[in-house]
Amino acid sequence: MPPSLTLFHSLLLFSTAFIAGGLNAVAGGGSFITFPTLIFTGVPPIAANATNNTAIWVAALASAGAYRQDLNIERRDFLLLCGVSLVGGVIGSVALLYQLSMKMH
């Protein structure tokens, strides 16, 4: 949390998260609201991106489980897509951490 987090910023973040959660449940795209709000409240861009992606990941996992029946996809294919997504996310995270560590040295 940034040291300058005021009551206004707290209420703004709470209301934005509430609206974005509803938006994601219906159509997706809540990140277009939450990420700029995190930046506006003083969270550094990389921390804001990580926070935003973590929140969206949890919601996406819940949605995928809830809508799995409606996707008409075999369990094996579903697990394969989840595995590929997980591997891609890990590779991207490691690459980002490597790049950041190279900048610091």
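If you're matching positions, the sequence shown starts at 179 in my numbering and goes up one per residue. Ideal Cβ positions, reconstructed from N, Cα and C, are used throughout, including at glycine.
Annotated as proximal: T215 and L191, with beta-carbon spacing under 8 Å. Every unbroken stretch of the alpha helix (DSSP H) spanning 4 or more residues and falling wholly within the region 188 to 223 is given here in chain order: 209 to 218.
The Cβ atoms of G199 and A237 sit closer than 8 Å to each other. L257 has its alpha-carbon roughly 34 Å from the corresponding atom of I217. Under the three-state reduction of DSSP output, N230 falls in the helix class.
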